[in-house]
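> In the numbering used here, the protein residues as written are 109 to 858.
Cβ coordinates follow ideal geometry from the N, Cα and C atoms, glycine included.
#1: I think residue 698 touches residue 383, with their Cβ atoms under 8 Å apart; what is that distance to the nearest whole Å?
#2: Residue 179: buried (16+ other C-beta within 10 angstroms of its C-beta) or exposed?
#3: How do the segment 789 to 799 and the segment 731 to 744 stand: do at least 3 beta-carbon pairs fall below 8 Å, yes or no?
#4: Cβ atoms of residue 456 and residue 482: under 8 Å apart, would you say?
#5: Can you round the beta-carbon distance between residue 397 and residue 527 to whole angstroms, since I take them to be within the 8 Å contact cut?
#6: Starting from residue 388, follow the alpha helix (DSSP H) in both directions and report where the run begins and ends.
#7: Return the bridge partner residues of residue 571 from the DSSP annotation.
#8: Grab the span of the alpha helix (DSSP H) containing residue 752 for me, first residue to last.
#9: Skipping 5 residues on each side, what residues in its chain have a beta carbon closer than 7 Å to that of residue 502?
#10: Give a yes or no on contact between the segment 372 to 379 and the segment 670 to 690, applying the rule of three or more CB pairs nearer than 8 Å.
#11: Nearest to residue 661 by alpha carbon, out of 670, 461, 521, 693?
#12: For residue 603, verify whether its CB is less than 7 Å away from any heavy atom of the ligand SAH.
#13: Take residue 762 and list the residues in its own chain whose beta-carbon comes closer than 7 Å to its own, dropping the five residues that flank it on each side.
#14: Using three-state DSSP, classify residue 716 as helix, strand or coil.
#15: State whether the segment 414 to 423 contacts the segment 387 to 395, with contact taken as three or more CB pairs (one from each stretch) at a distance under 8 Å.
#16: Which value, in whole angstroms, describes the spacing of the CA atoms of residue 410 and residue 404?
#17: If contacts are defined as beta-carbon pairs under 8 Å, then residue 626 and residue 652 qualify, I think. What distance do you get, rounded to the angstrom?
#18: Is the segment 837 to 856 touching the segment 483 to 490 in the sense that three or more CB pairs, one from each, lie closer than 8 Å?
#19: From this set, 746, 714, 552, which residue's C-alpha is nearest residue 851's C-alpha?
#20: From which residue to which residue does the alpha helix (DSSP H) around residue 462 run?
#21: With DSSP run on the structure shown, which of helix, strand or coil describes residue 850?
#22: Taking the straight line between their C-alpha atoms, what separation do you get for residue 859 and residue 233?
#23: Quick check on DSSP: helix, strand or coil for residue 558?
#24: In terms of residue numbering, what span does the alpha helix (DSSP H) encompassing residue 236 cover?
#25: Roughly how many angstroms lie between the CA atoms of residue 471 and residue 434, to the nearest whole one?
#26: Counting only beta-carbon atoms, is residue 433 nearer than 8 Å to chain C?
#27: Just to confirm the assignment, what range does the alpha helix (DSSP H) spanning residue 783 have?
#28: Note the first and the last residue of the continuous alpha helix (DSSP H) segment covering residue 673.
#29: For the alpha helix (DSSP H) holding residue 579, just list the boundary residues, first then last.
#30: Looking only at its chain, what residues have a beta carbon closer than 7 Å to the beta carbon of residue 841, apart from the 5 residues adjacent to it on each side?
#31: Quick one: residues in its chain with C-beta nearer than 6 Å to the C-beta of residue 754, no 5 flanking neighbours on either side, listed in chain order?
#32: Quick one: grab the DSSP three-state call for residue 375.
#33: Given that a residue counts as buried once 16 or more other Cβ atoms are within 10 Å of its Cβ, and exposed if not, what is residue 570?
#34: So what's residue 485 in DSSP terms, helix, strand or just coil?
#35: If you drop the 5 nearest sequence neighbours on each side, which residues of the same chain put their C-beta closer than 7 Å to that of residue 807?
#36: What residue does the alpha helix (DSSP H) around residue 413 start on, and which one ends it?
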């Protein structure tokens, strides 16, 4: 990027990486910001969406090691940049001789050289042996070999200089033969192992190997039972004598004795339990149906009818209190009570006490309790704690073999195993993208089939039976899985460096297909009312799209790339506010998750920066309705207050600058401020872009804000690392400061 293009308040790091778009002009003719952010300074209360930005195309660049000079400005019509070069220009854009100069006039030296070359054409092996004239051509055998019915070939050491046309023809024949052989081998492998990821040409058909919507994970190779003899006696001996050395596969293990027997907790009031179970069923269970609810309700009834807590396993009690903690986070009745802040923490404390920290044998209830505790901690804004509990859930689930398709299992247990694994998979991918951490689960290590699209009441030990005319599926687990399975590719795409055109378009196309798996009302272009409980699962999709396009806000990219990135993020934010506008705001808080809350917060930042004030206000009002139902909302509100104040100060600064440099209109003493120019200056301010990127600055790889911070004076410690906070409990679960990250005075700034 040339110096003339650097219009930022602080100079970004120049880069030769490209992030071109059909909606973005070349460096020589930049568009005004009104084209990047249509509707600038718009105050129309109607939430009308702009046209969808065109797909961003990135032509590949030559390696730096080639040492070529830079190409001239590329147009979007030239995929590799060659069409933009004149016919008499070299690749390095330096003047060169024309074609006519290379050809030469008739009768010139070029014709004589061609005549001498024909006389020096090599003879075939047979003609050289017989010392006769050879009249072989590029495509036909010589007459001598044809009459003698022998093969006309050129293999002698002195005759290896075949013509270039002959070499090309031979290479083409070899390539065709190799392609045919490869195609046959691929068909054989496809018949044996399923679809291949590469096309017949050997290229990558899918830039990131994105799984097709509804496709099952690739099955791992296992030895076929028919290929080994029946070893009944050996199995019996191994079960007996392997104890203490290794464990058989999960489905063949004997039930281990329980050594952990903690004091049983006091059970909550039954009416409160019913309220919390209802809240859990309508919120978390609608996305993560990891417990068979009819069976679970029956177990709860037995627990209260017989007062059988003493006869109930600690792992099941831990799961029970984890369910209550999750329900309390989404219960409207619970949150209206004075002790609503502490209620989920108390349930989580009890759930933790029922888990043996030194357990060596696990159950499905144990891992489900871990997963729900991790989910609760994430919703309570204790994200590092949630990450570590999730790590335990991953390891325990792998110990139980949840990551592979095994069996046989009873119908209900087998389905709950699959759903539990996919919930842990979703949490792993989502937290990794939010925290900038590596994922804990590798796709190549698991082959669990997708869960059944059947509600709990239709799943029985005798099978899954859905009656004709039954209501549609009530949980959105499958739709969320289709989105989150692409997070691995998204994380790869967000690694440092330019995002290739094929990668960006592949992910964009995949996300559009994912949107089609949701009900039609979930489309941002729809006008029908949207049920609020769809917003939480939709957040996984819009969160991924925003992360994808936010990637190119980094100063190392050219101004066109950064403006295209800002435009795409603004469009996604407008789509989000369209969904909020069609939802019942009074019911939004009941199902709002931490992911949805932070996504709305990011959208508000982009809408404020690009001048969509009415849409930004809609996002802020949504956050206000969520308020303290999600602990992260308080911190988001405080950040927004800071951003609005900073944005206002920048507006005054740039307005005064434009007033000093602009000439007043004819007949007026006051200069007219160009609002488009003002918005353009605001959107290119380096400080504002860093603030709008928000949690992108938390990533060790993608952040740029902390460059040079190591040379600054270390921040003073406000307290000793061992000094207790003012909280009444030693646990961060009960501390507002731990859960919001703010002191009491700071929390009131929202």
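According to the data block:
#1: Here residue 698 corresponds to residue number 590 of the chain shown, with the count starting at 1. Here residue 383 corresponds to residue number 275 of the chain shown, with the count starting at 1. With 8 Å as the limit, residue 698 and residue 383 do not qualify as a contact, their Cβ atoms being about 13 Å apart.
#2: Looking up residue 179 in the chain shown gives position 71. Confidence in residue 179 is poor, its pLDDT being 27 and thus under 50, which makes the residue's placement unreliable; the coordinate value appears in the next sentence. When all chains shown are included, residue 179 counts as buried.
#3: no
#4: As a first step, residue 482 is located in the chain shown; it is residue number 374 there, counting from the start. As a first step, residue 456 is located in the chain shown; it is residue number 348 there, counting from the start. It is not a contact, given that the beta carbons lie outside the stated cut-off.
#5: In the chain shown, the residue the question calls residue 397 occupies position 289. In the chain shown, the residue the question calls residue 527 occupies position 419. Sure, about 6 Å apart at Cβ, within 8 Å.
#6: Looking up residue 388 in the chain shown gives position 280. 378 to 390 is the span of the alpha helix (DSSP H), which, as asked, contains residue 388.
#7: On the chain shown, residue 571 is found 463 positions in, with the first residue counted as 1. In the DSSP output, where bridge partners are listed per residue, residue 571 has 568.
#8: Position 644 of the chain shown, counted from the start, is the residue given in the question as residue 752. Element bounds for residue 752: 740 to 769.
#9: Taking the chain shown and counting its residues from 1, one reaches residue 502 at position 394. Here the set comprises 532, 536, 548, 549.
#10: no
#11: Locating residue 661 in the chain shown gives position 553, where the first residue counts as 1. For the residues 670, 461, 521, 693, the minimum Cα distance to residue 661 belongs to 670.
#12: With respect to small molecules bound, the structure shown includes none, and the ligand SAH cannot be examined in it.
#13: Residue mapping note: residue 762 aligns to position 654 of the chain shown, counting from 1. So the qualifying residues of the chain are 786, 789, 790.
#14: The residue labelled residue 716 in the question sits at position 608 within the chain shown. Helix.
#15: no
#16: By 1-based counting over the chain shown, the position of residue 410 is 302. By 1-based counting over the chain shown, the position of residue 404 is 296. Their Cα atoms are separated by approximately 10 Å.
#17: As a working note, residue 626 is residue 518 in the chain shown. As a working note, residue 652 is residue 544 in the chain shown. So it is not a contact: roughly 14 Å between Cβ atoms.
#18: yes
#19: As a first step, residue 851 is located in the chain shown; it is residue number 743 there, counting from the start. Closest by alpha carbon: 746.
#20: As a position in the chain shown, residue 462 is number 354, starting the count at 1. Segment: none, residue 462 is in no alpha helix (DSSP H) and carries neither H nor E.
#21: Taking the chain shown and counting its residues from 1, one reaches residue 850 at position 742. Reduced to three states, the DSSP call for residue 850 is coil.
#22: This structure cannot settle anything about residue 859, because the visible part of the chain is limited to 109 through 858.
#23: Taking the chain shown and counting its residues from 1, one reaches residue 558 at position 450. Coil at residue 558, not helix or strand.
#24: Position 128 of the chain shown holds residue 236. Start and end: 233 to 238.
#25: Here the question's residue 471 lines up with position 363 in the chain shown. Here the question's residue 434 lines up with position 326 in the chain shown. Rounded to the nearest angstrom, the two C-alpha atoms are 20 Å apart.
#26: This model lacks chain C altogether, as it is built from one protein chain only.
#27: For the purposes of this step, residue 783 is taken as the residue at position 675 of the chain shown. Its alpha helix (DSSP H) spans residues 783 to 791.
#28: Along the chain shown, one-based indexing puts residue 673 at 565. Its alpha helix (DSSP H) spans residues 667 to 689.
#29: For the purposes of this step, residue 579 is taken as residue 471 along the chain shown, with counting starting at 1. Unbroken run through residue 579: none, as it is neither H nor E.
#30: One-based indexing of the chain shown puts residue 841 at position 733. Around residue 841: 453, 456, 457.
#31: Position 646 of the chain shown, counting from 1, holds the residue named residue 754. Excluding residues within five positions, none has a Cβ falling inside 6 Å.
#32: Counting from one through the chain shown, the residue named residue 375 turns up at place 267. If DSSP states are grouped into helix, strand and coil, residue 375 belongs with coil.
#33: The residue you call residue 570 lines up with position 462 of the chain shown. So residue 570 ends up on the exposed side.
#34: Counted from its first residue, the chain shown places residue 485 at position 377. Correct three-state label for residue 485: helix.
#35: Indexing the chain shown from 1 puts residue 807 at position 699. Cβ neighbours of residue 807 beyond the five flanking positions: 544.
#36: Position 305 of the chain shown holds residue 413. Start and end: 401 to 413.
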